[in-house]
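Residue numbering for the sequence shown follows my numbering, beginning at 13 and increasing consecutively.
Here is the structure we will look at.
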Amino acid sequence: TTGSAKTGMMCFDYANKKKADIPTAAIEKLQSV
Numbered sequence: 013t014t015g016s017a018k019t020g021m022m023c024f025d026y027a028n029k030k031k032a033d034i035p036t037a038a039i040e041k042l043q044s045v
């Protein structure tokens, strides 16, 4: 149970980072223009 909970948190954290990366990349593109 501990292992799957850890994996679930890692996947959740990864998904949050991916979501955060999208607007960050968009903002960087806007700023670089």
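Even for Gly, the Cβ is constructed at its ideal location relative to N, Cα and C.
Return the CA-CA distance between residue i and residue j, expressed in angstroms with no decimal places.
{"i": "K41", "j": "I34", "result": "11 Å"}
{"i": "F24", "j": "I39", "result": "23 Å"}
{"i": "T36", "j": "S44", "result": "12 Å"}
{"i": "K31", "j": "G20", "result": "16 Å"}
{"i": "K29", "j": "A17", "result": "18 Å"}
{"i": "A3", "j": "G15", "result": "No answer is possible for residue 3: the residues shown for the chain start at 13 and end at 45."}
May I ask whether a heavy atom of the ligand GTP can be found less than 6 Å away from the beta carbon of residue i?
{"i": "E40", "result": "Looking at this structure, you won't find the ligand GTP or any other ligand, since it has none at all."}
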